[in-house]
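Colleague:
Residue numbers (my numbering): 6 to 193.
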């Protein structure tokens, strides 16, 4: 990892998620979702975000040619929401999909417009901005091998929940390239 990596990549949501769950108590329930469930169709207007109690979600863009690209994976204690589409009130560029069985709290976005939610809403947006800046630096300032090594060293729980093809998609490389990297690191 280069020494330009100054911001932590993900996993800083635990305290905020705990406060979020406490504030939601009695207003929203935890519901189970199965692998493959689509929470938001690409092209639709989103009306809810999902606080992840357990499981893994993904934001996936499907092209007209049938290829898929993953914008993001969402893990425990993260708030899965397409922030750009939410803030601009535009249709979703991505599909939100359950990729590992999950327990989620569906949070109506209208709730976050209430006056007593503004401080938490601001903190969610700030947290998301910091995460996006960290991910941008992660992807742009490191080689694919450095990115994978970072996940091995710092995010083994992510790797344990994703397939190798999903990891390759997250790193922005092909599955074949990841296989070669794993071979160089004696992990194949």
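We put the beta carbon where it would ideally sit given N, CA and C, even for glycine.
These numbers were taken from a predicted model, which means no experiment stands behind them.
From this set, 191, 99, 143 and 111, which residue's C-alpha is nearest residue 32's C-alpha?
Modeller: Taking the first residue of the chain shown as position 1, residue 32 is located at position 27. The residue with the shortest Cα to Cα distance from residue 32 is 111.
Colleague: Can the beta-carbon of residue 67 be found less than 8 Å from the beta-carbon of residue 20?
Modeller: What you label residue 67 is simply residue 62 of the chain shown in a count that begins at 1. What you label residue 20 is simply residue 15 of the chain shown in a count that begins at 1. Going by C-beta atoms, residue 67 is not nearer than 8 Å to residue 20.
Colleague: What separation, rounded to the nearest whole angstrom, lies between the Cα atoms of residue 11 and residue 169?
Modeller: Position 6 of the chain shown, counted from the first residue, corresponds to residue 11. Position 164 of the chain shown, counted from the first residue, corresponds to residue 169. Residue placement at residue 11 is poorly supported in this model, since its pLDDT is 47, which falls under 50; the coordinates still yield a value, given next. The alpha-carbon atoms of residue 11 and residue 169 are separated by roughly 26 Å.
Colleague: Which residues does DSSP list as the beta-bridge partners of residue 185?
Modeller: Here residue 185 is taken as the residue at index 180 of the chain shown, counted from 1. Note: residue 185 sits in no beta bridge, so no partner.
Colleague: For residue 86 and residue 41, I'd like the C-alpha separation in whole angstroms.
Modeller: Position 81 of the chain shown holds residue 86. Position 36 of the chain shown holds residue 41. Taking the straight line from one Cα to the other gives about 17 Å.
Colleague: Assess, as a yes-or-no matter, whether the region 37-54 is touched by the region 130-147 under the definition of 3 or more beta carbon pairs within less than 8 Å.
Modeller: No, the region 130-147 does not touch the region 37-54.
Colleague: Within 10 Å of its beta-carbon, does residue 82 have 16 or more other beta-carbons around it, so buried, or fewer, so exposed?
Modeller: Residue numbering aside, residue 82 sits at position 77 when the chain shown is read from its first letter. Buried is the call here.
Colleague: Quick check: the Cα distance between residue 178 and residue 120, rounded to an integer number of angstroms?
Modeller: As a working mapping, residue 178 is identified with position 173 in the chain shown. As a working mapping, residue 120 is identified with position 115 in the chain shown. The alpha-carbon atoms of residue 178 and residue 120 are separated by roughly 43 Å.
Colleague: Go through its chain and collect everything with a Cβ distance to residue 7's Cβ below 8 Å, but skip five positions before and after it.
Modeller: In the chain shown, the residue the question calls residue 7 occupies position 2. For residue 7, the pLDDT reaches just 48, beneath the cut-off of 50, and the residue's location in the model is therefore unreliable, although a value from the coordinates is still provided. Closer than 8 Å at the Cβ level, and outside the excluded window around residue 7, lie 146, 147 and 151.
Colleague: I need the boundaries of the alpha helix (DSSP H) containing residue 80, first residue and last residue.
Modeller: Taking the first residue of the chain shown as position 1, residue 80 is located at position 75. No alpha helix (DSSP H) contains residue 80, which DSSP labels as neither H nor E.
Colleague: Taking only runs of the alpha helix (DSSP H) that begin and end inside the region 41-120, which ones reach a length of at least 4 residues, in chain order?
Modeller: DSSP runs (the alpha helix (DSSP H)) wholly in the region 41-120: 88-93.
Colleague: Output the boundary residues of the beta strand (DSSP E) element that contains residue 38.
Modeller: In the chain shown, counting from the first residue as 1, residue 38 sits at position 33. Its beta strand (DSSP E) spans residues 35-38.
Colleague: With H, G and I counted as helix, E and B as strand and the rest as coil, what does DSSP make of residue 160?
Modeller: Translated into the one-based positions of the chain shown, residue 160 becomes position 155. Residue 160: coil per DSSP, three-state reduction.
Colleague: The ligand FAD and residue 127: does the residue's C-beta get closer than 7 Å to at least one heavy atom of that ligand?
Modeller: With respect to the ligand FAD, the structure shown offers nothing to examine, as it has no ligands at all.
Colleague: If we define contact as Cβ-Cβ less than 8 Å, is residue 109 a contact residue for chain B?
Modeller: In the structure shown, chain B cannot be found, because there is only a single protein chain.
Colleague: Have a look at residue 123 and residue 51 and give me their C-alpha separation to the nearest angstrom.
Modeller: Taking the chain shown and counting its residues from 1, one reaches residue 123 at position 118. Taking the chain shown and counting its residues from 1, one reaches residue 51 at position 46. Cα to Cα, residue 123 sits roughly 19 Å from residue 51.
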